[in-house]
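>
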Amino acid sequence: MIPFVDLKANYLSIKEEIDNAIQFVINNSDFIMGESVSLFENNFAKYCGGKHCVAVSNGTSALEIALKAHGISHGDEVICPVNTYIATAEAIINVGAVVKFVDIDEKTYNIDPSKIVISESTKAIIPVHLYGQTVDMDPIIKIAQENDLIIIEDCAQAHGVMYKGKKVPIYGTGCFSFYPSKNLGAFGDAGAIVTDNEDVAREAKLIRNHGFSKNKHRHEIIGTNNRMDSIQAAVLSVKLKHLDKWNDMRIRNAKLYLKLLNMRNSISKHVYHLFVIRSKNRDKLVDYLTQKGVQTGIHYPFPLHKQEALARHTIEIYPVAEMLSKEILSLPMYPELSKEDIKYVCDLIKEFNNSQI
Ligand SMILES: *Cc1c(COP(=O)(O)O)cnc(C)c1O
1413 MIPFVDLKAN YLSIKEEIDN AIQFVINNSD FIMGESVSLF ENNFAKYCGG KHCVAVSNGT
1473 SALEIALKAH GISHGDEVIC PVNTYIATAE AIINVGAVVK FVDIDEKTYN IDPSKIVISE
1533 STKAIIPVHL YGQTVDMDPI IKIAQENDLI IIEDCAQAHG VMYKGKKVPI YGTGCFSFYP
1593 SKNLGAFGDA GAIVTDNEDV AREAKLIRNH GFSKNKHRHE IIGTNNRMDS IQAAVLSVKL
1653 KHLDKWNDMR IRNAKLYLKL LNMRNSISKH VYHLFVIRSK NRDKLVDYLT QKGVQTGIHY
1713 PFPLHKQEAL ARHTIEIYPV AEMLSKEILS LPMYPELSKE DIKYVCDLIK EFNNSQI
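Residue numbering for the sequence shown follows the numbering used here, starting at 1413 and increasing by one per position.
1. With DSSP collapsed to three states, give me the class of residue 1714.
2. By alpha-carbon positions, which one of 1512, 1539 and 1655 ends up nearest to residue 1520?
3. Can the beta-carbon of residue 1603 be found less than 8 angstroms from the beta-carbon of residue 1473?
4. For residue 1447, which option in 1461, 1462 and 1467 has the closest C-alpha, if you only look at C-alpha atoms?
5. For residue 1597, is the classification buried or exposed, using 16 other Cβ atoms within 10 angstroms of its Cβ as the cut-off for buried?
6. Anyone know if the C-beta pair for residue 1553 and residue 1583 falls short of 8 angstroms?
7. Just reading off the beta strand (DSSP E) that residue 1771 is part of, what are its end residues?
8. Hey, is residue 1589 close to ligand 3, as in C-beta under 7 angstroms from one of its heavy atoms?
9. Assuming residue 1498 contacts residue 1716 (C-beta within less than 8 angstroms), just tell me the rounded distance between them.
10. For residue 1685, collect the residues of the same chain with a Cβ closer than 6 angstroms to its Cβ; drop the 5 residues on either side in sequence, then sort them by chain order.
11. Quick one: using the 10 Å Cβ neighbour count with 16 as the cut-off for buried, is residue 1632 buried or exposed?
12. Taking DSSP as the reference, what is the three-state secondary structure of residue 1477?
13. Figure out for me which residue from 1664, 1599, 1639 and 1628 has the closest Cα to the Cα of residue 1617.
14. Opposite residue 1621 in the DSSP bridges: which residues?
15. Span of the alpha helix (DSSP H) holding residue 1753?
16. Three-state secondary structure (DSSP) at residue 1739?
17. Using a Cβ-Cβ cutoff of less than 7 angstroms, which residues in the same chain neighbour residue 1614 once the five nearest sequence positions on both sides are dropped?
18. In the DSSP assignment, find the unbroken beta strand (DSSP E) run with residue 1551 in it and report its ends.
19. With DSSP as the reference, label residue 1630 as helix, strand or coil.
Written out as structure tokens, the structure reads:
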């Protein structure tokens, strides 16, 4: 069997370091927002080249808190791509804002800047660096600057990817998920906001922990409980040291897939959180691969406007996302995936394609 991801193989490759880091937290017994959390915040801010990192409980809360910390609230419109994980839209709706979906680009699967429409109420854009590939940020930044919009980047699938020599977040504030299977994954739920904006960082720190300010020994605002566990932070600091190497291994794996499947290279920089192909016979191909012991995924089988929970939030249609949602297929992708396994998967796909002619 070839799994879609293999978190056990990843753990075993750094078992001793991880076990020691977890033991350190247990010895300290500062289980929530302890020493390991502030250490990780420093490490991750430095890694991203951002001024501040605010560790939180998961990627969805990172998005929600970042929106709130930037002052987004009731009635504000926030733009996001229609092909993304539901969390991006959920965060917008959960802060009381109005979600405005934008169709995606057929080649990059990312938001298509030429389809962005700004209204009087538009306050922010959330570009999503989907699958590990950077959004072409220059046109987005231009639109944001011309219309005085906030940019909050959804970096949940794109830890460490670069755009024009800079790691994400490119423009200011970025939100990360450390869900276990992400390129940088914890041993449970965790997330972070990285920002250069000191006021946003301060506000985010208040929101994540009941509005509590240590300096003032007071609850300044009504916040939430979205703190990070120290064990997650300890695991993340260990794994962060290996992230660039693991991203390189993903890129190496992707290059082999691209070569064997005769596919073109990605246009933008890519850290291959997912390796996505297209097939006109996608569903049959999935069945074929499953039969042969290859696990695959679809990201995502429905564009967000086709999800029951979101259908009433838009009346528009998004033809590119709709077409692609029927063709896209995510193949096994993780750093430890072997050449032989990639070759096996590619042989099966070629065999399948030949049988369809
Ligand atoms: C994983 C993910 C999130 C949500 O992160 P959680 O940690 O699961 O809350 C948000 N956006 C995108 C694009 C994601 O892939």
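C-beta: ideal position from N, C-alpha, C; glycine also.
The short version:
1. Reduced to three states, the DSSP call for residue 1714 is coil.
2. Ranked by Cα distance from residue 1520, the first of 1512, 1539 and 1655 is 1539.
3. yes
4. 1467
5. The C-beta of residue 1597 has 16 or more other C-beta atoms within 10 Å across all chains shown, which makes the residue buried.
6. Contact: yes.
7. Residue 1771 is absent from the model: the chain starts at 1413 and stops at 1769.
8. Absence of ligand 3 is noted for the structure shown, with ligand 1 being the only ligands found.
9. By a beta-carbon distance limit of 8 angstroms, residue 1498 contacts residue 1716. Their separation comes to about 6 angstroms.
10. 1543, 1544, 1569 and 1595
11. exposed
12. Three-state DSSP puts residue 1477 in a helix.
13. 1639
14. Residue pairing from DSSP places residue 1621 in a beta bridge opposite 1637.
15. 1751-1768
16. Reduced to three states, the DSSP call for residue 1739 is coil.
17. Cβ neighbours of residue 1614 beyond the five flanking positions: none.
18. Residue 1551 -> not in any beta strand (DSSP E); alpha helix (DSSP H) instead, spanning 1549-1559.
19. strand
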